[in-house]
Amino acid sequence: MQAAINKEHMSFQAEAKQLLKLMIHSLYSNKEIFLRELISNASDAADKLRFEGLTDAALYESDSDLKILVSYDKEARTITISDNGIGMSRQEVIDNIGTIAKSGTREFFNSLTGDQAKDAHLIGQFGVGFYSAFIVADKVTLITRRAGLTPEHGVQWESTGEGDYTLETVEKKDRGTQIILHLREDEDELLSGFRLKSIIRRYSDHITLPIVMKKEEWSQESNEYKITEEDETINQASALWARSKSEITKEQYEEFYKHAAHDFEPPLAYIHAKVEGKQEYTQLLYIPSRAPFDLFDRERRHGIKLYVKRVFIMDDAEKLLPNYLRFVRGIIDSNDLPLNVSREILQESKDIDNIRAGSVKKILGLIEDFASSDKEEDRDKFTTFWKEFGQVLKEGVGEDYANRERIAKLLRFVSTHSDTDEQTVSLDDYVARMKEGQEKIYYVTADSLKAARNSPHLEIFRKKGIEVLLLSERVDEWLVANLSEYGGKSLQSVAKGSLDLGKLEDEAEKKEQEKEADGYKELTTKMKEVLGERIKDVRVTFRLTESPACLVVDAYDMSGNLERMLKSAGQKVPNTKPILEINPHHPMVQRLKYEETKFSDWSNILFDQALLAEGGQLEDPATFVKRLNDLLLQNVLSGQ
Numbered sequence: 001m002q003a004a005i006n007k008e009h010m011s012f013q014a015e016a017k018q019l020l021k022l023m024i025h026s027l028y029s030n031k032e033i034f035l036r037e038l039i040s041n042a043s044d045a046a047d048k049l050r051f052e053g054l055t056d057a058a059l060y061e062s063d064s065d066l067k068i069l070v071s072y073d074k075e076a077r078t079i080t081i082s083d084n085g086i087g088m089s090r091q092e093v094i095d096n097i098g099t100i101a102k103s104g105t106r107e108f109f110n111s112l113t114g115d116q117a118k119d120a121h122l123i124g125q126f127g128v129g130f131y132s133a134f135i136v137a138d139k140v141t142l143i144t145r146r147a148g149l150t151p152e153h154g155v156q157w158e159s160t161g162e163g164d165y166t167l168e169t170v171e172k173k174d175r176g177t178q179i180i181l182h183l184r185e186d187e188d189e190l191l192s193g194f195r196l197k198s199i200i201r202r203y204s205d206h207i208t209l210p211i212v213m214k215k216e217e218w219s220q221e222s223n224e225y226k227i228t229e230e231d232e233t234i235n236q237a238s239a240l241w242a243r244s245k246s247e248i249t250k251e252q253y254e255e256f257y258k259h260a261a262h263d264f265e266p267p268l269a270y271i272h273a274k275v276e277g278k279q280e281y282t283q284l285l286y287i288p289s290r291a292p293f294d295l296f297d298r299e300r301r302h303g304i305k306l307y308v309k310r311v312f313i314m315d316d317a318e319k320l321l322p323n324y325l326r327f328v329r330g331i332i333d334s335n336d337l338p339l340n341v342s343r344e345i346l347q348e349s350k351d352i353d354n355i356r357a358g359s360v361k362k363i364l365g366l367i368e369d370f371a372s373s374d375k376e377e378d379r380d381k382f383t384t385f386w387k388e389f390g391q392v393l394k395e396g397v398g399e400d401y402a403n404r405e406r407i408a409k410l411l412r413f414v415s416t417h418s419d420t421d422e423q424t425v426s427l428d429d430y431v432a433r434m435k436e437g438q439e440k441i442y443y444v445t446a447d448s449l450k451a452a453r454n455s456p457h458l459e460i461f462r463k464k465g466i467e468v469l470l471l472s473e474r475v476d477e478w479l480v481a482n483l484s485e486y487g488g489k490s491l492q493s494v495a496k497g498s499l500d501l502g503k504l505e506d507e508a509e510k511k512e513q514e515k516e517a518d519g520y521k522e523l524t525t526k527m528k529e530v531l532g533e534r535i536k537d538v539r540v541t542f543r544l545t546e547s548p549a550c551l552v553v554d555a556y557d558m559s560g561n562l563e564r565m566l567k568s569a570g571q572k573v574p575n576t577k578p579i580l581e582i583n584p585h586h587p588m589v590q591r592l593k594y595e596e597t598k599f600s601d602w603s604n605i606l607f608d609q610a611l612l613a614e615g616g617q618l619e620d621p622a623t624f625v626k627r628l629n630d631l632l633l634q635n636v637l638s639g640q
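In full-length UniProt numbering, the protein residues as written are 1 to 640.
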């Protein structure tokens, strides 16, 4: 190798510095994973070469025998992992090694607790890959050259993990990447062929590439193992998903998941199935134990890898699963697709449509099995699944019409009958508890669970013992907009349209309400004139038992909660005017009927209170406070 040129000293991205420090301390108790992560990266590099080599065979540079080499040097106290995969250019090294190029970085650091055990789990979710080298090394040297570039375009990266690194141009004859770990003083136990091989067999046996080390023979003369010149393949080097399920242990399935998903924790569940018939393909699909930090970034896809006849084709093949199942990880290997398949071809492929439909069916079936199981272990898995991925599954109601009923059956909510704030109530549970004569599934939306529980719109439902679903997640507005009925029962917002409890009200009660409402027509007309452009109408309501007033919208208007959400996201929304409903049994409303001098102030106070009660914001808080203080002071001075 020639002398280095163009040497630069550069600093890590701030987040990379922080992650390095945290990772070294938090993951030290599981330090073996450094080798798994580096071998996994080497395997990915080979996959990328295979993919690019489909259209440019020259990238192989007369070396199509892809493999990963692992070696150690006791005297130099180094471990070296080499591959002849795609390699990296100078800019790719800067982008991939000096920077954490992931969304969710800020959320990751905000989630750290300072508790070493808990933070280790968080780091595992985020994925650290190359950085894991610093768990056991106090200096790391990376030498790489991208396939297709000439030898003088090699790049050497080196760092002690303290915040900066050097980058230099070197000559590298062969394509691919070599990583040299200069071990810390207390890591000599890793300088053993037996130790390294046992780690490889435990964590990386599933890697489809041969992982090669030099054979070792026992020397009677020196009373130790000596490294020979003969190569030995350490792993099985066959596609795990192509093996029979009876040959694969649970541990092997879990280790393959950790490799494929770059996750430190075992999966929650997995499916391994081979489909035969008109189409032949294999699925190995995993549901993670925890949600990734970028789960709600719908543009980021990093779930399913597509293979054709064991040849890697592409990462994050978004056409293979719908967006609402973007948390699923794994591989799909087809025997029917062409090796030169592109993303454009995938968009129009009926084979892909069938694979997608089959995969969705399998995943929903797995979740259904957990949800309906009598086993406590399975029920716990469903509880974990719902906590981590329930909000994303809700998106499927609007995205996947063919499976809408299946998805709706899996949904869980909090309701007014819930003992806790955990989402445990299914729509089937709700329907089974419906009152005799109840025709609708009632719900309320709000920007927090506390606001939903305390909504004034629930007062009549509590009085009559009618269950109401409490929806407080952002996705819930999307959900109810796309789920108009379930099991033949329509879903009805308690804050939309006029109150109609149908058979739950008797005729005598209705007639009494109509008669009472007639006595307030003059008041509602006068209030409507005073409030003017702020409202669409004022009317008497019997949905309130404690509050003086509430706001509702017409049945087909946008809810106040959705309007606020869209505005906060910078979206333009139609100017929907609410309807003010007043409670004729409340003392404030009864007094207002005879108020003259402060009628306008009292009317505006009622409107503003109703707006605040449903989570809205006042356009003029100062005027509201002044009105309220004036009325309070007037009552104090008058002795009321």
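All C-beta atoms, glycine included, are put in the ideal place defined by N, C-alpha and C.
Where does N454 sit, in a helix, a strand or coil, going by DSSP? coil
Ignore the nearest five residues each way along the sequence and tell me which others in residue 649's own chain have a CB closer than 8 Å to its CB. There is simply no residue 649 to check, as the chain begins at 1 and stops at 640 in what is shown.
Please identify the residue among I211, V538, K361 and D500 whose C-alpha is closest to the C-alpha of V70. I211
When DSSP builds the beta bridges, which residues end up paired with H182? T78 and K139
Less than 7 Å between C-beta atoms, sequence neighbours within five positions excluded: which residues of the same chain meet that for A610? A549, C550, L551 and L580
Where does R329 sit, in a helix, a strand or coil, going by DSSP? strand
Please decide whether Q590 counts as near chain B, where near means a Cβ-Cβ distance under 8 Å. Absent from the structure: chain B. Only one protein chain is present.
For L366, count neighbouring C-beta atoms within 10 Å of its own C-beta (all shown protein chains included) and say buried if the count is 16 or more, exposed if not. buried
Buried or exposed: R591, going by 16 or more other Cβ atoms within 10 Å of its Cβ? exposed
Report all residues from its chain with a CB closer than 7 Å to the CB of L479; omit the five preceding and five following residues, and keep chain order. K394 and V397
Taking DSSP as the reference, what is the three-state secondary structure of E522? helix
Measuring CA to CA, which of Q438, Q513, K361 and L411 is closest to A402? K361
Determine the closest residue to E216 out of L196, R202, I207 and S204, with distance taken between C-alpha atoms. L196
What are the boundary residues of the beta strand (DSSP E) that includes L599? For clarity, residue 599 is Phe in the given sequence; the question names Leu instead. Unbroken run through F599 is the alpha helix (DSSP H), F599 to A613; no beta strand (DSSP E).
Do you know whose CA, among G303, K278 and F293, lies nearest L284's CA? G303
Let's see if you can read the secondary structure: which residues bound the beta strand (DSSP E) around L470? V468 to L471
Got a sec, what are the start and stop residues for the beta strand (DSSP E) E581 sits in? I579 to I582
D400 in three-state terms, based on DSSP: coil
Environment of N41 [buried if 16+ CB atoms lie within 10 Å]: buried
From this set, T545, R543 and T525, which residue's C-alpha is nearest K536's C-alpha? T525
Nearest-angstrom Cα distance between M588 and T541? 14 Å
Can you tell me where the beta strand (DSSP E) holding H272 begins and where it ends? A269 to V275
Could you pull the DSSP bridge partners for V70 from this structure? I81
Which partner residues does T384 have in the DSSP bridge list? BP columns for T384 are empty, so no partner.
Would you mind reading off the limits of the alpha helix (DSSP H) that contains K197? G193 to Y203
For N413, tell me which candidate among T445, R404 and R145 has the shortest Cα-Cα distance. Reading the sequence as shown, one finds Phe at residue 413 and not Asn. It is T445 whose Cα lies nearest to the Cα of F413.
Sequence ranges, beta strand (DSSP E) only - wholly within the segment 416-464, length at least 3: 440-445
Using 10 angstroms around the beta-carbon of G154, count the other beta-carbons present and answer buried if the total reaches 16, otherwise exposed. buried
Should G161 and A260 be called a contact, given that it needs their Cβ atoms to be closer than 8 Å? no
Return helix, strand or coil for L632, following the three-state DSSP convention. helix
If you draw a straight line from the C-alpha of residue 646 to the C-alpha of L337, how long is it? Absent from the structure is residue 646, since the part of the chain shown begins at 1 and ends at 640.
Which residue's Cα is closest to the Cα of R433: A508, D447, E619 and H417? H417
In terms of residues, what are the limits of the alpha helix (DSSP H) holding Q283? Q283 -> not in any alpha helix (DSSP H); beta strand (DSSP E) instead, spanning Y281 to I287.
Going by other Cβ atoms of all chains shown within 10 Å of its Cβ, with 16 needed for buried, is G176 buried or exposed? buried
Helix, strand or coil at H259 according to DSSP, with G and I counted as helix: helix
Assuming S132 contacts I68 under a Cβ cut-off of 8 Å, what Cβ separation, rounded to an integer in Å, is found between them? With 8 Å as the limit, S132 and I68 do not qualify as a contact, their Cβ atoms being about 16 Å apart.
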